[in-house]
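Just below is one structure, and these are the notes that go with it.
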Amino acid sequence: MNKIYICGNKKLDGAVDVQGSKNAALPIIAASLLNHQECVLTNCPDLKDVKAALEIIDRLGGKTAYQEHTAIIKAENIHRSDISDDLMASMRSSVLFLGPIISRTKKAVISYPGGCSIGLRPIDLHLKAFKQLGVLVEETGGHIYCSTEKIKSGKVNLIFPSVGATENIMMLAAVSNAEVIIANAAREPEILDLQNFLNKMGAKISGAGSETIRIIGVEKLNKVQYNIMADRIFAATVFCAAAACGGDVVVKGVVPEQLELMLSMLSGAGAEVTSGKDFVRIKCDKRISGLGKVMTSPYPGFPTDAQAIFMSSLLCAEGTTVFVENIFESRYKHVPELIKMGADIIVDGRLAVVSGCNFIQGAPVEAMDLRGGAALVVAGLSAIGDTVVTGLNHIDRGYEKIEDTFAHLGATIKRLE
Ligand code: UD1
């Protein structure tokens, strides 16, 4: 079994390049299915979820290749409309293929998606929108059967700005005869990256990044080369580690505006934050302070994906931080593991109260989900003594060799096979 071994309590120092964004890459790979011509994706992160997404395209009849952060996708001949249960179970984002498969083949069959065990993750908003846009949806025997003759024009009002539903609707309508408006759309930067990718291929989409997105369907798309955006959560993970351990780190290749809220919070906690056009530097040479209250909410609010890693950075802060998890109902699976390390955390439903302690101690801990697993690595880096993190299959879904990133910054960390 793979494990990460960490001997903690060392300051971090140095510069790392940000990785390409997982949450942008996955919908962009799915959207490549809409194009009969070649899509070349650069800055495509080397992750388990990316490989699973490429495998879905291969099994549908497309041809994919991946080398050195470049994915080449040719979806000229798509001869299947279904995604196997094993691929659906391997990651939740497999649901993002629903829109593109229906667009390409007029039908689709999938089972309910898997992914991190962070609580119920229904796809009712995707399906409701699809029905409104002329897709017949039947749910039976654990499978979802979709078919359509033609995508209809219309305005879809999302009752919650779901990232995945917004992306799926954009992809369903991008190549069609319809004109579709999404109201209360998710505003995450990854949605804008998907719009930029689709438009670079010839789609006509506007408004991504705002609450209203307009898609004017086009007949076909053109060959494209596209550079995937930087991973905001990777960057936040490094910043939180620097805040927890102390030190002086630079993350290169980021878009500082996308990180504004998280950076202002770290600065409020006492870290020294400076940024340039495409880098952020965090210096921290004293004990940071608790943040009072941290509430997750859709972008531009504080991201749920950064909740666990921020929590780890605040375990030894001076004062208390109360986390309120508003997006997922069960996203505190890292807490019992952090408590094993000596953290003082009380969870009550969606609340987690973190009282800063003087130090935490290394321990054997297990990652239960992707970001919670990264949080255990951050905690291990700042803890006194040795930590062994298991459950790396979760962490590897979203981080390219997380141990190399921190070893490069001077930490004593290695993977044990
Ligand atoms: C995406 C991100 C994930 C992030 C999440 C919230 C990707 C690949 N994943 O996930 O890392 O944590 O956004 O920022 O981009 N919901 C419903 N019905 C639906 C859809 C969603 O009730 O049909 C609920 C979910 O259960 C959840 C909330 O809405 O409680 C947010 O989900 P959503 O924004 O859709 O997240 P994902 O697209 O799954």
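Just so it is clear: in the sequence shown, position 2 is 9 by my numbering, and no numbers are missing.
All C-beta atoms in this analysis are idealised placements derived from N, C-alpha and C, irrespective of residue type, glycine included.
Contact between N16 and I391 holds: CB atoms are separated by about 5 Å, below the 8 Å threshold.
Partner residues in the beta bridge of K290, as assigned by DSSP, are D255 and E279. Exposure of F167 is indicated by the presence of fewer than 16 other C-beta atoms within 10 angstroms of its C-beta. Straight through space, the alpha carbons of V257 and G369 are spaced by roughly 26 Å. Secondary structure at M348: coil, using DSSP grouped into helix, strand and coil. Note on V102: 16 or more other CB atoms within 10 angstroms of its CB, so buried under the neighbour-count rule. Under the DSSP assignment, D65 falls in the alpha helix (DSSP H) whose first and last residues are K55 to L67.
Distances from the CB of K29 to the heavy atoms of the ligand UD1 include at least one below 8 Å. For K29, the enclosing alpha helix (DSSP H) has its first and last residue at K29 to S39. G363 is the residue among A276, G363, I108 and S110 whose C-alpha sits nearest the C-alpha of M348.
The C-beta distance from L377 to R338 rounds to 11 Å, too long to fall under 8 Å, and the pair is not in contact.
Residue burial is scored here from C-beta neighbours: H341 has at least 16 other C-beta atoms within 10 angstroms and is therefore classed as buried. Between C51 and I109 the beta-carbon gap is near 24 Å, outside 8 Å, which marks them as no contact. For the pair A243 and Y233, the Cα-to-Cα distance works out to about 24 Å.
Per DSSP, reduced to three states, the secondary structure at E146 is strand. Its chain contains V280 as the residues whose beta carbon lies nearer than 6 Å to that of L270, once the 5 sequence neighbours on both sides are disregarded; these appear in chain order. Residue pairing from DSSP leaves V385 without any beta-bridge partner.
Within the DSSP secondary-structure output, N234 pairs in a beta bridge with T49. Excluding its 5 nearest sequence neighbours in each direction, I130 has C-beta neighbours in its own chain below 6 Å: V102, listed in chain order. Taking C-beta atoms as the reference points, L383 and E332 fail to come closer than 9 Å. Ranked by how close their Cα comes to the Cα of D351, the residues L322, I334 and A374 have L322 in first place. The count of Cβ pairs closer than 8 Å, one atom from the segment 180-188 and one from the segment 143-152, stays below three, leaving the stretches out of contact.
Contact check for V47 and T71: beta-carbon distance about 11 Å, past the 8 Å limit, so the pair fails to qualify.
Using a Cβ distance threshold of 9 Å, L140 and V163 count as a contacting pair. For G224, no pairing in a beta bridge is given by DSSP. Under the DSSP assignment, M98 falls outside any alpha helix (DSSP H); it carries neither an H nor an E label. One alpha carbon belongs to R99, the other to A59, and they sit about 11 Å apart.
With contacts defined by Cβ atoms closer than 9 Å, N30 and E145 do not form a contacting pair. Going by DSSP, S362 is part of no alpha helix (DSSP H) but of the beta strand (DSSP E) stretching over L358 to S362. Excluding residues up to 5 positions away in sequence, S160 and I223 lie with their Cβ nearer than 6 Å to the Cβ of E186 in the same chain. In this chain, the beta strand (DSSP E) harbouring A72 covers K70 to Q74. The alpha carbon of F137 has as its nearest neighbour, out of T173, N400 and S118, the alpha carbon of T173. Under the three-pair Cβ rule at 8 Å, the segment 79-99 does not count as touching the segment 262-269. In this structure, DSSP gives Q44 a state outside helix and strand, which the three-state scheme calls coil. Taking the Cβ atoms as the reference, L199 lies roughly 4 Å from A215, within the contact range of under 8 Å.
Here the distance from the Cβ of F335 to the nearest heavy atom of the ligand UD1 is below 8 Å.
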